[in-house]
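A.B. asks: The structure under discussion is supplied below as structure tokens; questions concerning it will follow.
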Amino acid sequence: MWMRYSALTITIGVFFSVAACGIADKSFESEKNSAEKIAPLTDIWREELAGHDLSEFERSVLERAVKTGRIDQNDYEQAHAKYLQCMTAAGYDQLKYNKMPDGLYKLSDDSVTDANYFDKSVECSEGTTRVIEADFRDQQDNPDRYKDPGIVAVQCLRDAGKVDKDYTAAEFNKSVKEVAAGANPQDAFAFPVSGSDSQVIYCLSLGGLSLSGDFDSEG
1321 MWMRYSALTI TIGVFFSVAA CGIADKSFES EKNSAEKIAP LTDIWREELA GHDLSEFERS
1381 VLERAVKTGR IDQNDYEQAH AKYLQCMTAA GYDQLKYNKM PDGLYKLSDD SVTDANYFDK
1441 SVECSEGTTR VIEADFRDQQ DNPDRYKDPG IVAVQCLRDA GKVDKDYTAA EFNKSVKEVA
1501 AGANPQDAFA FPVSGSDSQV IYCLSLGGLS LSGDFDSEG
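Heads up: the sequence shown at position 156 corresponds to 1476 in this note's numbering, and the numbers run straight through without jumps.
Structure, rendered in structure tokens:
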């Protein structure tokens, strides 16, 4: 098997591919200018403060975010540290993380886990990272609040110099749909895709496609 991705990832990719079908002939700048936006982050944070059962820590972070307009990196770091403290106390002291370009932590493949890891992770995220990490990711990855994640992904690829200025979100979303249908990412996209290129993998994840496993060669 040359790649692995979850059913949820496939569903997200197909949804956004279909949503972007009507913009195939637009330039990327036109796509951005006409793109539908989603609710401002401060509105979401206010809703969470009003409707969520939050810990004192989460509430303090969101209250600051509403005042300043953003979640500070240090607040996210504190949330992650509190989560790790809980996991370590539960016996998971061999967890390793990679810091991603957006400032978030991703569990490394060589971390030591077991069958109970997921349940304990969910438990330890309560009051620490469950709300804050999701909100921080939303802030870091989609600050302009585009509804179509293909636009976010292509902007990431352009900023990293991985695609030229003519590459569009419509092209990206079409390729995501092909991968969801079983195509090798290396064949589906109009730019080099390799598991060793962490920047490309990160940009793809912003577009709703999370890749893992060995897809550098079939078989």
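Even for Gly, the Cβ is constructed at its ideal location relative to N, Cα and C.
Note that the structure is a prediction, hence the values are computed from the model and not measured.
Just to confirm my understanding: we take Val1451, look at its own chain, exclude 5 residues before and 5 after, and list those with CB closer than 8 Å. What are they?
C.D. replies: Once the five neighbours on either side are set aside, the close Cβ partners of Val1451 are Glu1368, His1372, Leu1374, Glu1378, Leu1382.
A.B. asks: With contact counted as at least three CB pairs below 8 Å, one residue from each stretch, are the segment 1502–1511 and the segment 1392–1405 in contact?
C.D. replies: Because the criterion of three Cβ pairs below 8 Å is not met, the segment 1502–1511 and the segment 1392–1405 do not touch.
A.B. asks: Under DSSP, the alpha helix (DSSP H) around Asn1436 begins and ends at which residues?
C.D. replies: Per DSSP, Asn1436 belongs to no alpha helix (DSSP H) and is neither H nor E.
A.B. asks: If distances are taken between C-alpha atoms only, which option among Val1499, Leu1427, Lys1419, Leu1361 comes closest to Pro1463?
C.D. replies: Nearest option by C-alpha distance: Leu1361.
A.B. asks: With DSSP as the reference, label Asn1462 as helix, strand or coil.
C.D. replies: Asn1462: coil per DSSP, three-state reduction.
A.B. asks: Sort Asp1458, Thr1448, Met1420, Val1474 by Cα distance to Lys1494 and report the nearest one.
C.D. replies: Among Asp1458, Thr1448, Met1420, Val1474, the Cα nearest to that of Lys1494 is on Val1474.
A.B. asks: Quick one, are the C-beta atoms of Phe1511 and Lys1485 less than 8 Å apart?
C.D. replies: Result no, Cβ atoms of Phe1511 and Lys1485 do not sit closer than 8 Å.
A.B. asks: Where does Tyr1487 fall in DSSP's three states?
C.D. replies: Tyr1487: coil per DSSP, three-state reduction.
A.B. asks: Quick one: give me the first and last residue of the beta strand (DSSP E) that Lys1419 is part of.
C.D. replies: 1417–1419 is the extent of the beta strand (DSSP E) around Lys1419.
A.B. asks: When you compare only the Cα positions, how much space is there between Gly1515 and Glu1446?
C.D. replies: Cα to Cα, the separation comes out at about 32 Å.
A.B. asks: Would you say the segment 1513–1527 touches the segment 1405–1414, given that touching needs at least three Cβ pairs under 8 Å?
C.D. replies: Judged by Cβ distances under 8 Å, the segment 1513–1527 makes no contact with the segment 1405–1414, as fewer than three pairs qualify.
A.B. asks: Got a sec? Which residues, its chain only, sit under 8 Å from Tyr1522 by beta carbon, not counting five neighbours each side?
C.D. replies: If we look at Tyr1522 and ignore the five residues flanking it on each side, its Cβ neighbours are Met1420, Pro1421, Asp1422, Cys1476.
A.B. asks: What residue range does the alpha helix (DSSP H) around Leu1529 cover?
C.D. replies: Careful: Leu1529 lies outside any alpha helix (DSSP H) and carries neither H nor E.
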